[in-house]
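Number 178 in the UniProt record's numbering belongs to position 178 of the sequence shown; there are no gaps in the numbering.
Cβ coordinates follow ideal geometry from the N, Cα and C atoms, glycine included.
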Amino acid sequence: MSPYKHLTMSERETIFLMHNNQASLTSIAQTIGRATSTVSRELSRNRSAYSPSIAQERYEAQKSHCGRRSLLSDHQLLQLIRHLFLDLQWSPEEIAARLKLETSSFQISYTTIYRGIYSGLFDQKLSSRGARGVIRKLRHHGKSRHKKGYEERRGKIPISHTLQERPESANQRTQVGHWELDTVAGKTGRSCVVTMVDRCSRYLIMHKLAKKNSASGSNFGYRHFRIR
1 MSPYKHLTMS ERETIFLMHN NQASLTSIAQ TIGRATSTVS RELSRNRSAY
51 SPSIAQERYE AQKSHCGRRS LLSDHQLLQL IRHLFLDLQW SPEEIAARLK
101 LETSSFQISY TTIYRGIYSG LFDQKLSSRG ARGVIRKLRH HGKSRHKKGY
151 EERRGKIPIS HTLQERPESA NQRTQVGHWE LDTVAGKTGR SCVVTMVDRC
201 SRYLIMHKLA KKNSASGSNF GYRHFRIR
């Protein structure tokens with residue numbers, strides 16, 4: 001079976017003339033080489049006095065709205081990505097991975113986020129002279145992009161033990177001494193606050209690091225937990 005083809009302007013004009021002359025649907029369909037149901041649907045869509053030009057314009061308008069709806073057209077998702085990217089300085093790769101891990105309603109690829117950035121969807125007025133929109137906020141400052149499969153390692157602290165390896169006493173919060181460490185980055189991304197919370201007692205330790213790197217975080221943890 002050949003794929004369905006939409007009516008042309010010429011075919012619509014033929015339908016118009018023959019329909020005005022009281023021709024049957026079957027006769028019109030045979031003349032333009034279409035199925036009778038196609039002619040019937042065309043006339044049903046335009047119940048008022050049939051006009052081929054109006055029918056064509058309506059088809060073109062509907063065609064322009066066809067296709068997959070952009071994920072970034074979702075206002076709630078757009079605002080969430082805007083916050084993570086502009087306020088928290090997350091990369092598109094980090095945003096896509098976090099949304100995939102934590103939410104089922106928001107699933108988006110990092111390439112879609114990059115397209116939104118380069119199209120100016122997240123643009124805002126920046127104070128830095130010569131900045132090319134929010135592209136300058138990317139870690140590569142808009143100069144280059146890594147190919148698919150590249151893993152971003154900058155600014156990441158290696159994880160030696162996964163959550164799956166966590167003992168049951170830590171999961172159930174029944175034993176003191178199981179600590180969770182996290183960081184809160186400043187707006188500029190140059191400094192951050194490191195937090196450590198005991199899962200059982202909820203005792204909190206906070207410290208501002210001069211630099212956001214693994215060495216500063218490791219030194220802070222060592223100072224608090226070294227054997228005296």
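With a threshold of 8 Å on Cβ separation, who are the neighbours of residue i within its own chain once the five nearest residues in sequence on each side are excluded?
i    : result
A131 : Any reading at A131 must be qualified, since the residue scores a pLDDT of 43, below 50, and its modelled position is unreliable; no value is offered.
H75  : none
Q56  : M9 and R12
R129 : Below a pLDDT of 50, predicted positions are generally treated as unreliable, and R129, at 44, falls in that range; the measurement from the model is reported next regardless. Nothing meets the Cβ criterion.
R98  : L84 and W90
Whose C-beta lies closer than 6 Å to the C-beta of residue i among residues of the same chain, with five residues either side of it excluded?
i    : result
M196 : W179, L181 and I205
S169 : Q175
Q22  : none
Cβ atoms of residue j and residue i: under 8 Å apart, would you say?
i           : j    : result
A96         : I117 : no
L7          : E42  : yes
L25         : T36  : yes
residue 274 : L78  : The question about residue 274 has no answer here: the residues shown for the chain are numbered 1 through 228.
L88         : F106 : no
Provide the residue span of the beta strand (DSSP E) that contains residue i, from first to last.
i    : result
K208 : L204 to L209
A29  : That residue, A29, is in no beta strand (DSSP E); its alpha helix (DSSP H) goes L25 to I32.
L181 : W179 to A185
D198 : C192 to D198
According to the neighbour-count rule (16 or more other Cβ atoms, all chains shown, within 10 Å of its Cβ), is residue i buried or exposed?
i    : result
S127 : Because S127 sits at a pLDDT of 43, beneath the cut-off of 50, its placement in the model cannot be relied upon, and the following sentence gives the value as read from the coordinates. S127 is exposed by the Cβ-count criterion.
A29  : buried
L101 : exposed
P167 : exposed
S201 : exposed
V184 : exposed
S40  : exposed
T38  : buried
S119 : exposed
S44  : exposed
R58  : exposed
S91  : buried
I108 : buried
How far does the alpha helix (DSSP H) with residue i in it extend, from its first residue to its last?
i    : result
E168 : E168 to N171
E165 : Neither: E165 is in no alpha helix (DSSP H) and is coded neither H nor E.
V39  : T36 to R45
T14  : M9 to N20
T112 : Y110 to Y118
Q76  : H75 to R82
R98  : P92 to E102
Who are the Cβ neighbours of residue i in its own chain at under 7 Å, not counting the five residues just before and after it?
i    : result
T31  : T14 and M18
R173 : R199 and C200
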